[in-house]
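Residues 18 to 702 in our numbering are what the sequence shown lists, from first letter to last.
Ideal Cβ placement from N, Cα and C applies to all residues, glycine included.
Below is one structure, written out as structure tokens; comments come after it.
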Amino acid sequence: NLALGGGFEVDTILTLISESLVRALEVGACVISQIDPDNQTVTTIAHYLQPEPDQPASVWRKLNHPLPLADDSISQQMVKTKRAIIARATGNRPAAWQQSEAAASDGRGWGTMLALPFDFPEKMLGLLELYDPDPARDFSAAEIELCQKLISRTSMALERSTLFEEPRQRLSEVSTLYTMSQKIAGNLNFQEVMESVVVNLRQVIGCRGCCVFLLDANKEQLEIKAAAGLKSEWVQSAKLRIGEGTAGRSVAQGKTIYIPNTSQDPNFIVFDTDVRSLMVTPLWANGEIIGAINVDDDKIDAFGPSQEQLLTIAATQVGVAIENARLFAKVSSERQQNQAIIQYMADGLLVIDKAGTIITCNPALSIMLNLPLSEIIGQSVYSPNLHPHLASLTASATRQARTGVLAKEVTIETPAPKTLQLFSTTMIDANRERSGEVRVVHDITKERNLEQLKSDFMSTISHELRTPLFSIQGFVQILLEDEPEVDPQTRKEFLTTIHTQAVQLSELVNNLLDLAKFDEGKLDLIHSQVNLLRLLRQACRKLLGFAHQQKVELLPQLPESLPDIIGDAERLEQVLTNLIGNAIKFSKAGGQVVVTATVTHGEILVEVKDNGVGIPAEALEHIFARYYQVNDRNRKGARGSGLGLHIAKKIVEGHQGRIWAESISGQGSTFRFSLPLPHLKTDNS
Numbered sequence: 018n019l020a021l022g023g024g025f026e027v028d029t030i031l032t033l034i035s036e037s038l039v040r041a042l043e044v045g046a047c048v049i050s051q052i053d054p055d056n057q058t059v060t061t062i063a064h065y066l067q068p069e070p071d072q073p074a075s076v077w078r079k080l081n082h083p084l085p086l087a088d089d090s091i092s093q094q095m096v097k098t099k100r101a102i103i104a105r106a107t108g109n110r111p112a113a114w115q116q117s118e119a120a121a122s123d124g125r126g127w128g129t130m131l132a133l134p135f136d137f138p139e140k141m142l143g144l145l146e147l148y149d150p151d152p153a154r155d156f157s158a159a160e161i162e163l164c165q166k167l168i169s170r171t172s173m174a175l176e177r178s179t180l181f182e183e184p185r186q187r188l189s190e191v192s193t194l195y196t197m198s199q200k201i202a203g204n205l206n207f208q209e210v211m212e213s214v215v216v217n218l219r220q221v222i223g224c225r226g227c228c229v230f231l232l233d234a235n236k237e238q239l240e241i242k243a244a245a246g247l248k249s250e251w252v253q254s255a256k257l258r259i260g261e262g263t264a265g266r267s268v269a270q271g272k273t274i275y276i277p278n279t280s281q282d283p284n285f286i287v288f289d290t291d292v293r294s295l296m297v298t299p300l301w302a303n304g305e306i307i308g309a310i311n312v313d314d315d316k317i318d319a320f321g322p323s324q325e326q327l328l329t330i331a332a333t334q335v336g337v338a339i340e341n342a343r344l345f346a347k348v349s350s351e352r353q354q355n356q357a358i359i360q361y362m363a364d365g366l367l368v369i370d371k372a373g374t375i376i377t378c379n380p381a382l383s384i385m386l387n388l389p390l391s392e393i394i395g396q397s398v399y400s401p402n403l404h405p406h407l408a409s410l411t412a413s414a415t416r417q418a419r420t421g422v423l424a425k426e427v428t429i430e431t432p433a434p435k436t437l438q439l440f441s442t443t444m445i446d447a448n449r450e451r452s453g454e455v456r457v458v459h460d461i462t463k464e465r466n467l468e469q470l471k472s473d474f475m476s477t478i479s480h481e482l483r484t485p486l487f488s489i490q491g492f493v494q495i496l497l498e499d500e501p502e503v504d505p506q507t508r509k510e511f512l513t514t515i516h517t518q519a520v521q522l523s524e525l526v527n528n529l530l531d532l533a534k535f536d537e538g539k540l541d542l543i544h545s546q547v548n549l550l551r552l553l554r555q556a557c558r559k560l561l562g563f564a565h566q567q568k569v570e571l572l573p574q575l576p577e578s579l580p581d582i583i584g585d586a587e588r589l590e591q592v593l594t595n596l597i598g599n600a601i602k603f604s605k606a607g608g609q610v611v612v613t614a615t616v617t618h619g620e621i622l623v624e625v626k627d628n629g630v631g632i633p634a635e636a637l638e639h640i641f642a643r644y645y646q647v648n649d650r651n652r653k654g655a656r657g658s659g660l661g662l663h664i665a666k667k668i669v670e671g672h673q674g675r676i677w678a679e680s681i682s683g684q685g686s687t688f689r690f691s692l693p694l695p696h697l698k699t700d701n702s
């Protein structure tokens, strides 16, 4: 009664009835089967075997395994008569009596069988069989009547169960859809959403395979983004243009397409031979088709209107979820790109919210201020304990008259002085209200230093130009005067001085012209075979008089021979003159300047060494920079234009060489440059 009135599922009801009859009638087994007259099969759908002492109940038959009706005479007779059948063990036992391997292994045999017709819902015929090991067992009329009444009540219970089956199935489908909806709605990971969709839809529809096609970036081709129950090679190869294949046609037409039998559809593109029926529904998002959901099965006519309705409902939810996940992925990608830009931008970045709290600072600004990020982010710009460097950057900026941009320039010690220029922009939210401020900080220390160098350079150049001009002008004025008369020796000295000053003026002008060429990227080198040893001796002879005038001993310690090189002789002599001249200029009276040249590692190394005032360590790294001049009290009046070493470096590097300096302040300097030797040509080259 509990089984028949409790609303159990069909399988549960039949199993309970089988067990109840075995126990009530004290028989060995009960088997309930269904007969399919169309396919001419008989299928056992429930059974119960009475267990013997110390032995478990053995399996009677394979459940849900169709057998040919022609092999079972009892089932054939039941189809014809639809009446009770009693049979006893004989040598020609019916096929329905054949035991399973498991039942036969326990040594039991059956002596008497009672078969009764069993009416299933939807006019399906079946039979209930009772087996007893005693060949003399007689089933009384009361026992047969009991069985018939129980079968009748069971048929009615099955009818009710079938009526409840559809609502139960709908409830299960709705529950699964709801669960799927919750999963995909709360997940913004694109691939996880896709995987969840195909797994859940495959479960709720009960199909063989499920996949999601999405249009590519050009909206021209459908590609599988997630699949469940499909072969991996099919997933990789299935790419369809719009209008091609079932999925392509569904997208092109914007409607669900169902193929109950793929073998009879000429438009079906075979990727997987296991697919016998197929249903495809387009995916919509924001009024546009973005793809399609595909479900398939290995059985013909596997889907009906209920599955189509279910798939349509699911497609609506899935389309929105996929679009949300796509948008989230796009926003996340853009956010990562912005973070990367902020992280690696050369300028400093400071973001302050409307409450005055610093909410963002990039590493570049942290380095500029020589402060860790932890001491910047989260600080209030109004705090009296704010670090001075940070306070200087967060103070009010002034609006520039010409551009109208909020900007300011600050100088901080970190520990070397730094000049920072910041620009401020107000952040506006969606309500057009101020939400904070962004400050971009640019380190202009080099620019300001360069401006200072230019200023110093112009001052020096003015002096360097005026000095020889005044000297020339003065001596020429004296020579032009008739009286007092100048004696020949004095006249010669005057003319020599005029010539020296003119040469100095010419060199200064040439340096300025060279600098202009370098700025334009032009370094005109006339390459030819150069005897570097001769250039070295020539430069030393030319500067011997200057060394004598400075009371400095010039000592060329040169080898008897050096290999020739390929280069511009005039430019290389300019380098030698500059290096040797500087060594003499910055040497104290009584000092020495030694010039050497050696061949090493396929190059010629030239060295100019003095024991003069030297170069401070902090100035050594800038010594070849344009306009740079060492500020050192030990140098007194010895100054230059700040161009010579810069030009020398450009010339040496133009010859594929290297130039560098070593020095200890107060102990002299050594300038070296190397030039590559030409490659030796073989007879075969």
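Local conformation of residue i per DSSP, three classes
i	result
M362	coil
C557	helix
F135	strand
I668	helix
F688	strand
Q356	helix
A41	helix
F511	helix
A533	helix
Q673	coil
R456	strand
K272	coil
A319	coil
V10	Past the boundaries of the shown model lies residue 10; the chain is included only from 18 to 702, so the question cannot be answered.
I30	helix
D88	helix
N311	strand
K607	The amino acid at residue 607 is misidentified as Lys; the sequence shows Gly. Of the three classes helix, strand and coil, the one that applies to G607 here is coil, per DSSP.
A158	helix
F440	strand
Below-9 Å beta-carbon distance, residue i vs any chain C residue
i	result
D460	This model lacks chain C altogether; it includes just one protein chain.
Cβ-Cβ separation, residue j to residue i (assumed contact under 8 Å), whole Å
i	j	result
L218	Q238	Contact doesn't hold; Cβ gap of about 23 Å is too wide.
V337	M385	With 8 Å as the limit, V337 and M385 do not qualify as a contact, their Cβ atoms being about 47 Å apart.
I52	L142	5 Å
E590	Q567	Not confirmed; about 20 Å, so no contact.
A243	I259	At roughly 20 Å, the Cβ-Cβ gap does not stay under 8 Å, so A243 and I259 are not in contact.
G164	L38	Per the sequence presented here, residue 164 reads as Cys, with Gly not at that position. The Cβ separation is near 7 Å, so the contact holds.
A636	V647	5 Å
L560	L571	7 Å
Same chain only: Cβ atoms within 6 Å of residue i, ignoring 5 sequence neighbours per side
i	result
L423	A414, R416 and S441
A63	L31, T32, S35 and I49
D531	I664
V625	L596, I597, A600, V612 and F688
Cβ pair residue i, residue j closer than 9 Å
i	j	result
A159	P134	no
C227	D318	no
V215	A255	no
K471	Y361	no
P505	E620	no
P389	S397	no
G608	S682	no
D627	G562	no
L660	L549	no
L542	H639	no
P432	T462	no
Contacting residues, own chain, Cβ-Cβ under 7 Å from residue i (five flanking each side not counted)
i	result
I276	T263, D282, F285, S294 and L295
H516	none
Q94	I102
G271	P299 and I306
How do the stretch 59 to 68 and the stretch 81 to 95 stand: do at least 3 beta-carbon pairs fall below 8 Å, yes or no? Touching, yes.
Is it the case that the stretch 41 to 48 contacts the stretch 142 to 155, given that we only count it when at least three CB pairs across the two stretches are under 8 Å? At 8 Å Cβ cutoff, the stretches touch.
Would you call the stretch 361 to 375 and the stretch 450 to 457 touching, i.e. three or more CB-CB distances under 8 Å? The answer is yes - the stretch 450 to 457 touches the stretch 361 to 375, with three or more Cβ pairs under 8 Å.
How do the stretch 344 to 358 and the stretch 368 to 378 stand: do at least 3 beta-carbon pairs fall below 8 Å, yes or no? Verdict: no, contact absent.
Cβ contact check for the stretch 482 to 497 and the stretch 519 to 527: 3 or more pairs under 8 Å: Contact between the stretch 482 to 497 and the stretch 519 to 527 is present: three or more C-beta pairs spanning the two stretches fall below 8 Å.
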